Each structure stands twice: as structure tokens, then as C-alpha cells.
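Chemist: The following block contains the structure, expressed as C-alpha cells.
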Amino acid sequence: MSVSLGTQTLSTHSGPTKVHVKDLSFWYGDFQALTGISVDIASKATTAFIGPSGCGKSTFLRCINRMNDLIPGTRAEGTMLIDNADIYGSGVDPVDLRRRVGMIFQQPNPFPQSIYDNVAYGPRLQGIRKRAELDSIVEDSLKRANLWKEVKDILGKNGLTLSGGQQQRLCIARVLAVQPEVLLMDEPCSAIDPTSVQKIEDLMSEIKETVTIVIVTHNMQQAARVSDFTAFFLQEFAGEPAELVEFGRTNELFTSPVDKRTEDYITGRFG
Amino acid sequence: MSQSHVPPQTGTLQLVSRSTYVKETLLKSLFFLCAFAFVVAVALIFVFVGWKAWPIVTEYGFWRFVSGGVWSSGSEQFGILPLIVGSFVVTLGALALGTPLAVGTAVFLSDVASPRVRSFVRPAVELLAGVPSVVYGFFGIILLRSIVARFTGTLGFGAFTAWIVLAIMIVPTIAALSEDALRSIPEGIREASYAMGATQWQTIYKVVVPAAKIGIIDAIILGMGRAIGETMAVLMVVGNAPVFPKGVFAPLSTMTSQIVMDMPYAVGLHRTALFAMAAMLFIFSMLLVATVRLSSRLGSRS
Amino acid sequence: MNKRITNKLALGVLWGAAILTVAVLGAVLLYVFVNGIRVISPTFIFTWPHGVNAEGGIWPTIVATVYVTALAMLISTPIAVLAAVYLAEYAHQGRVVSTIRFAADSLASVPSIVMGLFGFALFVEAMGMGLSMISAALALSLLMLPIIMRATEEAIRAVPKYMRWGSYGLGATKWQTVSRIVLPAAAPRIVTGVVLSAGRAVGETAVVLYTMGQAVNMPVTPLDSGRPMTVHLYLLAVEGINLPAAFGTALLLIVLILGFNLSARWILRHYRKV
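Sequences listed follow chains P, D and L, in order.
Going by the numbering used here, the first residue of the first sequence is number 1, and it counts up by one from there.
Going by the numbering used here, the first residue of the second sequence is number 272, and it counts up by one from there.
Going by the numbering used here, the first residue of the third sequence is number 574, and it counts up by one from there.
Okay, here's the thing in C-alpha cells:
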């Protein structure tokens with residue numbers, strides 16, 4: 001299966017597709033932010049979105065779990081399927097979608113509650129009440145988020161007392177507790193210390209086996225380190241909608257990009 | 272060209288669960304009802320007070336009511352002009368006394384006081400805004416009245432005493448609101464003025480106060496609303512003579528004080544007249560609110 | 574330079590204004606305090622007034638004041654909080670919202686005598702509840718509603734967007750987000766608003782005069798009448814016979830209200846999590 005950019009094609013993957021996007025365009029009110037985005041995101045792999053700031057990567061990410069619905073005046077056109085189901089179809093419950101497609105934000109945002117309650121929030125939403133069950137979910141999620149060892153004795157402490165990197169991992173544990181199929185990460189490492197970045201990249205490679213990851217990142221080295229596939233977004237002129245310029249296997253895109261604009265970005269001619 | 276095949280539309284996503292949808296809609300309706308309760312309450316006040324007041328129009332005559340100069344329940348004469356005049360005399364005098372003091376305090380707090388001084392004075396002003404009117408009235412009737420009486424040889428009831436009591440009462444309200452308006456003016460405006468060589472006072476009266484003009488006027492309007500609607504404090508010092516005030520130290524009456532004086536024994540048309548005054552006070556306060564809202568909206572556009 | 578002299582003078586005037594304001598207000602409080610403190614004693618607080626001169630204490634009036642205020646808080650808080658939730662979380666700007674806000678502002682500015690007569694016409698007469706705690710509480714809650722609603726709305730808006738997005742991102746519905754994340758985070762400010770509005774209710778006279786009456790009585794059920802402290806002070810003041818009791822009542826009233834206002838501030842400072 002391959003994706004077109006203009007008249008050129010790049011082979012991508014032959015495995016199953018988790019998220020299939022065709023001709024997606026997006027508007028904030030009258031302003032068109034995205035135009036004609038088409039891409040197939042591979043299942044149980046990590047895909048990175050790179051590109052200069054403000055070019056719609058985060059907007060597109062938020063389309064995948066319909067978080068943009070929370071912003072008044074937004075509109076999406078085109079096709080977006082997850083597991084062959086149209087997520088923008090009529091009658092689809094965005095609440096259920098967001099349970100299956102989790103999101104980590106740029107700024108860690110733990111609730112002003114205990115670490116335990118933060119992680120247990122999602123399961124409790126679904127009606128899980130038994131203490132034993134919650135305990136095991138909390139422990140399991142914190143382990144997967146590479147945070148258990150540091151907090152296992154202070155589960156009752158307020159989540160906001162943790163360091164930035166720990167808070168972000170707490171947010172990851174919180175999302176993992178609802179066992180999403182897709183994890184969307186919007187520049188998750190931009191506001192935290194390098195040690196935590198390392199820990200987060202480590203946990204990403206561990207959960208990759210079970211979760212499809214899409215990560216928006218400014219850091220090309222990070223994209224090269226963690227992702228299997230990379231998509232390059234670009235807003236060529238201010239006021240114009242952004243488009244998906246090139247998409248392919250990470251090592252191919254970084255070593256031999258097809259589009260000149262991709263090459264210019266990767267080699268740092270603009271940022 | 273693209274080879275991506277269009278997959279069949281088999282849904283694995285859950286559609287909106289009916290029970291959740293119903294629950295969320297019901298909740299939203301409940302919250303809306305709570306919000307709308309405010310509108311219902313105002314409408315109810317309108318209806319009930321208006322209904323009790325209406326006979327004054329049909330049986331007595333609105334114009335006669337409003338422009339009549341004699342209020343004498345014994346002879347069934349309910350001209351409220353002396354009371355209207357009384358209300359305005361008392362209110363305007365209090366505003367004249369209280370506004371400069373209040374705005375001056377507000378300017379002091381926003382532009383002159385150091386943070387330490389402000390941290391003491393502002394809470395003091397706010398706390399004093401909470402002192403009930405009956406306490407101020409008490410202060411007026413026990414202390415102020417006798418002082419005024421000693422100095423003027425009158426009984427001490429009258430417009431003058433009422434001015435002082437009311438002014439003391441509305442100063443915290445006007446001061447707090449004015450200071451909020453002044454503080455919301457960005458610091459940059461002041462800096463620009465200083466940079467041009469202006470002194471602090473020049474900056475205040477040429478730049479800061481004009482910029483906050485609307486907010487300060489709103490504060491004064493709200494203070495006026497409070498003064499006109501004030502009942503207990505005024506009642507205790509005004510002398511309760513429903514006639515045109517003969518002098519600054521002569522007893523008079525306001526609409527609010529007259530209502531309280533007469534209510535215990537008013538019947539029939541007399542009681543209707545009292546409700547009619549209440550209705551007028553209510554309409555007037557709503558007009559003030561509308562004025563403030565309108566001026567804010569116009570101001571924010573300019 | 575003339576400029577400098579004017580500046581100094583003007584600043585002096587402003588200092589004078591502030592000092593005068595604080596001094597006058599302080600003088601009123603001091604006057605009440607000095608004269609009232611001699612009267613305060615356990616007897617004064619806990620016994621009944623008796624005789625034509627209201628000798629003795631003011632206990633039933635204290636109970637009446639607290640009772641009616643608590644009842645009014647119970648009635649007004651849920652309605653005002655949920656109304657604020659609607660305005661802050663669900664409503665779209667438009668005619669309806671403007672009307673609601675205008676109504677809230679109007680309600681906040683209703684002269685208390687008008688509210689008193691309205692309460693009398695509706696609760697006491699038309700609804701037949703008579704002069705009672707419940708009539709007074711209903712009338713008082715109308716005055717408290719806009720205060721609590723404004724505080725709650727501000728509190729809800731102060732909760733950061735990214736906190737809500739964290740909740741939505743986990744698959745929570747709007748109500749789950751509001752009830753489990755937003756309202757708990759806004760709680761300190763909401764409580765502050767409730768306490769401040771209670772302070773206002775305690776100080777009301779005209780409203781309760783016409784809905785609760787003035788008979789000295791120990792209220793037990795909401796249908797009982799009673800005499801609150803404010804009305805008691807008013808009657809003592811105009812009769813002028815028992816001034817010490819009047820001062821004592823005034824002092825206790827001020828202490829109660831200042832207590833409410835100070836605790837409101839303390840709650841805000843102490844519990845601010847957001």
C-alpha cells in the first residue's frame with residue numbers, strides 16, 4: 001500500500017492500517033488550516049509528524065480523536081477511518097472514540113488529585129469500582145509508563161508535586177489505564193528534562209507492541225530515534241492551509257527524501 | 272497515482288449510547304432551568320409587585336400619584352412628589368459627598384499606595400462594605416443626630432444627617448468598584464505618560480482616570496442605585512415627614528422610608544400606593560442596571 | 574516648579590481621602606465596639622429578652638438569624654452553582670444568555686424594601702406560608718443567588734482548559750468532566766462566594782422584616798416565625814430605651830458578618846489549588 005504525493009509514490013508498509021485518512025481538510029471558522037491530507041498510519045507502529053511550528057501537525061493530530069470538536073466553529077471534511085470505521089460518521093460517540101484513542105499533551109496536565117486517583121480516573125469513568133481491580137490497573141499502568149518505581153510509595157501524594165518529567169509520565173500512565181488502541185502524543189517531551197525524555201522514549205518502544213503511536217515532534221533526532229514512519233507537514237505560505245508533503249519509512253525519508261522541501265527542512269535550511 | 276483502496280464501512284466504533292445521550296441532555300436542561308430561574312425571579316417580582324400596585328393607576332390615576340404634592344393617608348391623598356424629591360435630595364447629596372471621597376480613595380489604592388499599604392486598606396474597605404445598613408442607621412440616630420442637633424438647634428433629623436450616613440455607606444462600594452476599573456488599565460499607559468515627563472498627579476488625572484472613566488461612572492451609578500434603594504439607614508435619620516424638605520436640617524421622607532413607616536397599618540388604597548412606590552423603585556434600579564450594561568458594551572466597542 | 578507643587582498637593586489630598594475613608598469607617602466600628610463590649614456576656618448571648626424594655630439577652634434573635642441564613646444558603650447554593658455551570662460550560666453567547674445575565678444583575682440590585690414587599694406578597698400571602706423562616710429564606714435566597722452565581726462562574730472559568738482537555742482526552746463526558754474535575758477544582762472559590770453571600774443575608778433588615786415578622790420566637794420548623802438580630806437592633810434603636818442592648822446587638826451583628834467575610838478570605842487563600 002502506498003501513498004501519493006503528486007505523481008510520486010513511496011512504498012510504506014505492507015502491514016495493516018490503523019488510521020486511514022483520505023483528503024482531509026480542516027477549518028477553524030473561516031480559516032482553512034489543513035488541505036487534502038491523505039495518509040495511512042500503520043497499526044502497532046510509531047509514526048512521527050514533523051514540520052515547522054504552526055503548520056497544522058497538532059491540528060491534524062487532534063482530528064484523530066476529535067478533540068477539535070471541543071473548539072467552537074471547527075469543521076472537518078474528508079475521510080478518516082479507524083479500523084475501517086468512519087470516526088466522523090453520524091451518530092459516532094466521540095467520548096467512546098477518545099477512550100480508544102488517547103492523547104498526551106505538550107504541557108503535562110495531571111489533575112490536582114493523588115497519583116492513584118489520577119491513574120484510576122479513566123477506569124472509574126467506565127464504572128470499575130472494585131479496589132483490588134483498580135489497584136492492579138494503577139500498578140500496571142504506572143509500570144508501563146516507566147514511573148512505578150519512583151512513586152509506588154507515594155501514591156497518595158498530589159500529582160502536581162511531581163517534577164515535570166514525572167508528571168508527563170503520570171499522564172501517560174493515566175491514558176494507558178484505559179487501554180487505548182492508539183496513543184496520540186503532541187510534542188510530549190518539549191517541556192521536560194532530558195532524563196525524563198529518555199525514560200519516555202524507552203517506554204514508547206516497549207508499548208509499541210500493543211499500541212499504535214502517533215507523535216508530533218519538533219525534534220528531528222527524536223523522530224529518527226523513535227519512529228518507524230514519518231510524515232512531513234508544511235504550510236508553504238502564511239495564511240495558506242498546510243499540507244502533507246511527504247510520508248514514508250523514517251530511515252528512507254531522512255536519508256533520501258523525495259521532495260526538495262523535505263530535504264530542505266531536514267538539512268536545516270529552514271525550521 | 273494513489274493505490275489506497277477504499278475499505279468497506281464496517282463500524283467497530285460505538286454509536287452514541289442512547290442512555291448517555293438522554294442523560295447528558297437532561298442534565299443540560301436542568302442546568303438551563305437553574306439559569307433561567309433568574310429570569311423567572313425578576314419576572315415574578317415584576318408581576319407581583321406590579322399587580323399589587325396596579326390599582327393606583329386605575330383607581331387613583333398615575334399622573335395624580337406621581338405629581339401630587341400632598342401625602343396624607345388620613346385624607347386619602349397619595350401624591351408622592353415630596354417623597355420622590357426626598358429620595359433624590361438624599362441620594363444626590365450623598366453622592367456629592369461620597370463620590371469624591373470614594374474615587375479619591377480608589378485612585379489612592381490603585382496608583383499611590385504601596386503594595387503593603389494597599390494590602391491593609393483595600394481589605395478594610397471591602398470588609399466595611401459588608402457592615403449592614405441598620406448598623407449605620409443606628410450610628411446615625413444615636414451619635415450623628417445628637418451632634419447635628421447640638422450644632423444646629425434642630426432635632427438633628429433631616430437631609431444633612433442622611434447625607435452623611437448614606438455617604439459613609441456608599442463610599443466602600445464606589446471605591447472598590449472604581450479601584451477595580453483603575454487597576455484594569457494597563458501599566459503601559461502610565462509608563463508612557465511618565466516617559467513624557469509627566470508627574471504622577473498629571474498622569475493620574477490626564478491619563479489614568481479618563482481611561483477608566485466608564486468603569487468609574489458605572490461604579491457611581493451602582494452606588495446611586497444602592498443609595499436610592501437604601502431603607503433602614505435612611506429611615507432612622509431622615510425624620511419621616513412626608514413633605515417637601517424645608518431646609519437641609521428639616522425632617523423629610525423618602526420613598527423607601529415612607530414605605531416602612533406606613534406598611535404596618537396601611538390598608539386598601541394606602542397599601543396599594545406603597546406597593547406602587549416599590550414598583551417604581553424596582554423599575555428605576557433595573558434602569559440603572561441597563562444603563563451600566565449598555566455603557567460597558569458601548570465602551571468596550573470604542 | 575508649579576508642576577511639582579501641584580503633584581505633592583494632589584498626592585496629599587489623595588492620601589487624605591484614603592485616610593478619611595478608613596478613619597470614618599473605623600470610627601463607626603469603634604463606636605459600636607466600645608459601647609457594645611461592656612454588654613457582651615454569656616447572659617446576653619444565651620438568654621431571652623423579657624419585659625417591655627427587652628432586658629436580658631438576645632438568644633432567640635441569634636438563632637433566628639442563623640437559622641434563616643442557613644436555610645437561605647441551602648436553597649440558593651445548588652440553584653446558583655448549577656446556573657453558573659450552565660453559563661460557563663454549556664451556553665452559547667446570544668439573546669438568552671444576555672437576558673439571564675441582565676436578570677442576574679437586576680436581582681443583585683433590587684432594593685431590599687422591594688424584595689421585602691415582594692416576599693410578603695408572594696411567599697407570605699399568595700403562597701400562604703405566612704411570616705416564617707421559609708418565607709424569609711426564600712426572599713433572602715433571591716438576593717444571594719446572583720452573588721453565588723457570579724463567584725461560581727468566575728471560579729469555573731478559572732479552571733485551566735488543559736485540565737478539562739485531559740479529562741475529555743480520557744473519554745469523559747461533559748458532565749463527568751464538570752462534576753469530577755472542574756467543580757472540585759473550583760470549590761474553594763465557590764465556597765467563598767457562598768460565605769460572602771451569607772454575610773449579606775445576615776445584614777438584611779427590610780427583607781426579613783416583611784417575611785419573618787418581628788415577634789420574638791424560637792424558630793423550630795421552617796414555618797415558625799421569629800425576629801432576627803437586624804430587626805431587633807432596629808427596634809431597639811428607634812425606641813431608644815435600651816441602648817446598651819442595642820449596642821450589644823450591633824456588635825454581635827458586626828462580629829458575625831466580619832467573621833463570615835474573614836473566613837471567606839481565609840478559605841480562598843488556604844485552599845487555592847488551581
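In this text, a Cβ means the ideal position worked out from N, Cα and C, and glycines have one as well.
Since the structure is predicted, the reported quantities are computational estimates derived from the model, not experimental observations.
Quick check: the region 484–501 of chain D against the region 384–396 of chain D, are at least 3 beta-carbon pairs closer than 8 Å?
Modeler: no
Chemist: Note down, one range per segment and in chain order, each beta strand (DSSP E) of at least 3 residues found wholly within the region 435–472 of chain D.
Modeler: none
Chemist: Against chain L, which members of the region 122–133 of chain P pass a CB distance test of less than 7 Å?
Modeler: Gly-122 and Leu-125
Chemist: Looking at the structure shown, is Lys-18/P part of a helix, part of a strand, or coil, going by DSSP?
Modeler: strand
Chemist: Could you spell out where the beta strand (DSSP E) holding Arg-723/L opens and where it closes?
Modeler: No beta strand (DSSP E) holds Arg-723/L; the alpha helix (DSSP H) holding it covers 706–731.
Chemist: Given that Thr-765/L touches chain P, what residues does it touch there, using C-beta distances under 8 Å?
Modeler: Going along chain P, no residue has its Cβ under 8 Å from Thr-765/L, so there is no contact; the nearest lies around 17 Å.
Chemist: By the criterion of Cβ-Cβ separation under 7 Å, what are the contact partners of Met-736/L in chain P?
Modeler: Asn-109 and Phe-111
Chemist: In terms of residue numbering, what span does the beta strand (DSSP E) encompassing Thr-79/P cover?
Modeler: 74–82
Chemist: Under 8 Å, Cβ to Cβ, is there at least one residue of chain D near Lys-576/L?
Modeler: Lys-576/L counts as touching chain D.
Chemist: Distance, Cα to Cα, Lys-260/P vs Phe-60/P?
Modeler: 23 Å
Chemist: By the 10 Å Cβ neighbour count, where 16 or more other Cβ atoms means buried, how is Phe-422/D classified, buried or exposed?
Modeler: exposed
Chemist: Identify, in the order they occur along the chain, each residue of the same chain with its Cβ nearer than 6 Å to the Cβ of Gly-375/D, setting aside the five sequence neighbours on each side.
Modeler: none
Chemist: Leaving out five residues on either side along the sequence, give the residues of the same chain with a beta carbon under 8 Å from the beta carbon of Gln-43/P.
Modeler: Note on identity: in this sequence residue 43/P is Ser, with Gln being the wrong assignment. Correct list, in chain order: Gly-15, Pro-16, Thr-17, Lys-18 and Thr-212.
Chemist: Touching or not, the region 602–614 of chain L and the region 813–828 of chain L, by the rule of three or more beta carbon pairs under 8 Å?
Modeler: yes
Chemist: Closest Cβ-Cβ distance between Val-847/L and chain P: below 8 Å?
Modeler: Note on Val-847/L: pLDDT 46, under 50, position unreliable in the model; the coordinate value appears next. Yes, its Cβ sits closer than 8 Å to a Cβ of chain P.
Chemist: Counting beta carbon pairs with one atom in the region 503–517 of chain D and one in the region 426–439 of chain D, are three or more of them shorter than 8 Å?
Modeler: yes
Chemist: Please list, in chain order, all residues of the same chain as Lys-22/P whose beta carbon is under 7 Å from its beta carbon, the five residues on each side excluded.
Modeler: Ser-38, Gly-78 and Thr-79
Chemist: Using the Cα positions of Gly-350/D and Leu-690/L, report the straight-line distance between them to the nearest angstrom.
Modeler: 20 Å
Chemist: What's the C-alpha gap between Ala-365/D and Ala-373/D?
Modeler: 11 Å
Chemist: What do you reckon, are the CB atoms on Ala-312/D and Ala-656/L nearer than 8 Å?
Modeler: no
Chemist: Using the three-state DSSP reduction, which class does Asp-678/L fall into: helix, strand or coil?
Modeler: helix
Chemist: Compile a chain-ordered list of the residues in the region 736–760 of chain L whose CB is closer than 7 Å to at least one CB of chain P.
Modeler: Taking a C-beta cut-off of 7 Å against chain P, the contacting residues of the region 736–760 of chain L are Met-736, Trp-738, Gly-739, Tyr-741, Gly-742, Leu-743, Gly-744, Ala-745, Thr-746, Gln-749, Ile-754 and Ala-758, listed in chain order.
Chemist: Span of the alpha helix (DSSP H) holding Asp-186/P?
Modeler: Run containing Asp-186/P: none in the alpha helix (DSSP H); it sits in the beta strand (DSSP E), 182–186.
Chemist: In the region 201–234 of chain P, which residue ranges form an unbroken alpha helix (DSSP H) of at least 4 residues, counting only runs that do not cross its ends?
Modeler: 220–226
Chemist: Who are the neighbours of Cys-171/P on chain L, taking C-beta pairs under 8 Å?
Modeler: Gly-739
Chemist: Between Pro-272/P and Phe-247/P, what straight-line distance do the alpha-carbon atoms span, to the nearest angstrom?
Modeler: The displayed coordinates of chain P run from 1 to 271. Any statement about residue 272/P would go beyond what the structure contains.
Chemist: Would you verify that the beta carbon of Phe-26/P is, or is not, closer than 8 Å to some beta carbon of chain L?
Modeler: No Cβ of chain L is located within less than 8 Å of the beta carbon of Phe-26/P.
Chemist: Please list, in chain order, the chain L residues whose beta carbon lies closer than 7 Å to that of Lys-299/D.
Modeler: Chain L residues near Lys-299/D: Tyr-663.
Chemist: Using 8 Å as the limit for Cβ to Cβ distance, is Val-606/D near chain L?
Modeler: Here chain D has residues from 272 to 573 only, and residue 606/D is not among them.
Chemist: Specify, as a first and last residue, the run of the alpha helix (DSSP H) that Phe-336/D falls within.
Modeler: 333–338
Chemist: In whole angstroms, what separates the C-alpha of Gln-106/P from that of Cys-63/P?
Modeler: 16 Å
Chemist: Name the chain L residues that come within less than 8 Å of Gly-510/D, Cβ to Cβ?
Modeler: The premise fails here: Gly-510/D is roughly 12 Å from chain L at the closest Cβ pair, so nothing lies under 8 Å.
Chemist: Please classify Met-557/D as buried or exposed, where buried requires at least 16 other C-beta atoms within 10 Å of its C-beta.
Modeler: buried
Chemist: If you draw a straight line from the alpha carbon of Ser-455/D to that of Ser-390/D, how long is it in whole angstroms?
Modeler: 17 Å
Chemist: Among all the DSSP beta bridges, which residues are the ones paired with Glu-246/P?
Modeler: DSSP links Glu-246/P through a beta bridge to Phe-232/P.
Chemist: Since Leu-545/D contacts Leu-695/L with CB under 8 Å, what's their CB separation in whole angstroms?
Modeler: Not confirmed; about 16 Å, so no contact.
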